[in-house]
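Just so you know, the protein sequences line up as chains A and B, in that order. Each residue of the first sequence is one higher than the one before, counting from 1 in the numbering used here. Each residue of the second sequence is one higher than the one before, counting from 115 in the numbering used here. Ideal Cβ positions, reconstructed from N, Cα and C, are used throughout, including at glycine. Please read these numbers as outputs of a predicted model, since none were measured by experiment.
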Amino acid sequence: DGGITQSPKYLFRKEGQNVTLSCEQNLNHDAMYWYRQDPGQGLRLIYYSQIVNDFQKGDIAEGYSVSREKKESFPLTVTSAQKNPTAFYLCASSISRDIRSPLHFGNGTRLTVT
Amino acid sequence: SQQGEEDPQALSIQEGENATMNCSYKTSINNLQWYRQNSGRGLVHLILIRSNEREKHSGRLRVTLDTSKKSSSLLITASRAADTASYFCATDAGGTSYGKLTFGQGTILTVHP
């Protein structure tokens, strides 16, 4: 079955450590996105990529980095510069950058930093 | 503030009743989408309505869009306990925003059996 796989489901890190969240899709989608969700809040866009080897900052990119070396993969690194990293992170993809393309989401990674 | 704002924040109904959720936004849009999220999971796309459409149906879902009021509503008819979830509207920024969506804070729907 095609879909988006995020791993791990739960991640615990100490403050000051960088951590990388995995996102893999086998939908052959061009565009991929990272969103952050805090309790009781909507989703906020961190980074997005419309094509391999290209990505753009979203609304809250500070303290995060991404790469898009392969079409299938869009890993997100939460760096020690991110002041409040504990959150639920959602990866999504869409068939193209067409504004009418719905997003397909993974099941998220819950990151806890102590 | 966010582009999409849902109302109410929480809604509790009995199975069989209809559920109506509203979304307001501030700037012009190309389309508006509704998503559903079960607790602790990713979002699932429900329906997309374009700015030149006024109403759209999909199964038990009915979405309306009023661009003059910058608002949309999602109606779920004959609700079921399995409809319990959070529902989000998402809007693009208009123009050539290329799929960059802005999500509201969501409505938490609880359907009691």
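- For residue 11(A), no CB of chain B lies under 9 Å from its own CB, so it is not counted at the interface with that chain.
- In this structure the region 122-139 of chain B does not lie against the region 73-80 of chain A, because fewer than three pairs of beta carbons, one per stretch, are closer than 8 Å.
- Within the region 137-150 of chain B, 144, 145, 147 and 149 place their CB atoms closer than 8 Å to a CB of chain A, listed in sequence order.
- DSSP, read as helix, strand or coil, puts residue 195(B) in helix.
- One finds 42 in chain A with Cβ atoms closer than 8 Å to the Cβ of residue 218(B), taken in chain order.
- If you look at residue 171(B), you'll find it in the beta strand (DSSP E) that goes 169-172.
- Nearest neighbour of residue 2(A) by Cα position, chosen from 19(A), 72(A), 26(A) and 10(A), turns out to be 26(A).
- The criterion of a C-beta distance shorter than 9 Å is satisfied by residue 145(B) and residue 205(B).
- At a cut-off of 9 Å between beta carbons, residue 156(B) contacts chain A.
- As the crow flies, the alpha-carbon of residue 109(A) is around 6 Å from that of residue 8(A).
- Secondary structure of residue 107(A) (DSSP, three-state): coil.
- Cβ contact annotation for residue 169(B) (same chain, cutoff 6 Å, sequence separation greater than five): 178, in chain order.
- Secondary structure at residue 52(A): coil, using DSSP grouped into helix, strand and coil.
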